[in-house]
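Q: For the sequence shown, full-length UniProt numbering gives the first residue as 1, with consecutive numbering after it.
Idealized CB from N, CA, C, for every residue including glycine.
Computed from a predicted model, the values in this text were never measured in an experiment.
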Amino acid sequence: MSEVLCLRFVPICRLAVVTSFFHDQMKIIFKQFSIISVVCMQHSSRNIRIIGGTDSSPGEWPWQVSLHVKLSRRRHLCGGSIISNQWILTAAHLKCTKNNMEAIRYYVGRVEDILQKVTVPLMSKEECQARYRKRRIDDKEICAGYDEGGKDACKGDSGGPLSCRHEEVWYLVGITSWGEGCARPRQPGVYTKVVEFSDWILEKTT
Numbered sequence: 001m002s003e004v005l006c007l008r009f010v011p012i013c014r015l016a017v018v019t020s021f022f023h024d025q026m027k028i029i030f031k032q033f034s035i036i037s038v039v040c041m042q043h044s045s046r047n048i049r050i051i052g053g054t055d056s057s058p059g060e061w062p063w064q065v066s067l068h069v070k071l072s073r074r075r076h077l078c079g080g081s082i083i084s085n086q087w088i089l090t091a092a093h094l095k096c097t098k099n100n101m102e103a104i105r106y107y108v109g110r111v112e113d114i115l116q117k118v119t120v121p122l123m124s125k126e127e128c129q130a131r132y133r134k135r136r137i138d139d140k141e142i143c144a145g146y147d148e149g150g151k152d153a154c155k156g157d158s159g160g161p162l163s164c165r166h167e168e169v170w171y172l173v174g175i176t177s178w179g180e181g182c183a184r185p186r187q188p189g190v191y192t193k194v195v196e197f198s199d200w201i202l203e204k205t206t
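(1) I'd like the span of the alpha helix (DSSP H) that includes residue 135, first residue to last.
(2) Can you tell me whether residue 127 is helix, strand or coil according to DSSP?
(3) Can you tell me whether residue 200 is helix, strand or coil according to DSSP?
(4) Can you tell me where the beta strand (DSSP E) holding residue 175 begins and where it ends?
(5) Where residue 119 and residue 202 are concerned, what is the direct C-alpha to C-alpha distance, given to the nearest angstrom?
(6) Flag this pair as touching only if the stretch 165-172 and the stretch 120-140 have three or more C-beta atom pairs under 8 angstroms; answer yes or no.
(7) When we look at the beta-carbon of residue 161 and count the other beta-carbons within 10 Å, is it buried (16 or more) or exposed?
(8) Is residue 119 helix, strand or coil when you go by DSSP?
(9) Using three-state DSSP, classify residue 90 as helix, strand or coil.
(10) According to DSSP, simplified to helix, strand and coil, what is residue 206?
(11) Indicate whether residue 195 and residue 141 have their beta-carbon atoms separated by less than 7 angstroms.
(12) Between the alpha carbons of residue 128 and residue 180, how many angstroms are there, rounded?
(13) According to DSSP, which residues form a beta bridge with residue 161?
(14) Can you tell me the Cα-Cα spacing of residue 17 and residue 117, whole angstroms?
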């Protein structure tokens, strides 16, 4: 499996993978918390194949990160994707102010919770809009999910990657954004469409 995560060219994919650090007991009210740490998945050369489960193997998604805030203890706030040796891409509503940049910490190694993964089918804007009649799906969003429900991103997954593999190269297709509930029938997950922001990302990171 390649570890390259690309932004500019998005191939035609039918399925994409969502990864998440979310665990059920976590409840966080989103405020302007200071981001204090970034926890990266450990790269591993071990080939551990998971069959019929949702646990990821160590090093399977080396670009996935968990952004933490300090409340009574460090807790996962949201996900993100490493897009270069200096930059992490996450959701727009999460930010770190200039005066607390020195509080950021970076850890490489094992994390306490096992990274979860799920494969979901991508759908066209028209298909998605037909399912969200009361909300507008714009050109900067992409949807993914099963009509029968049961598999989806959920609360706490904001900012995490929607990834797609084409010819052994992984592409960052979306950033986990919103949805109506979690894994409901005919209520797909909605993601920020990364290709629509690729020029801006490249401008800011190069």
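A: According to the structure data:
(1) Note, residue 135: premise wrong, no alpha helix (DSSP H); not H, not E.
(2) helix
(3) helix
(4) 169-178
(5) 28 angstroms
(6) no
(7) buried
(8) strand
(9) coil
(10) coil
(11) no
(12) 12 angstroms
(13) 175
(14) 7 angstroms
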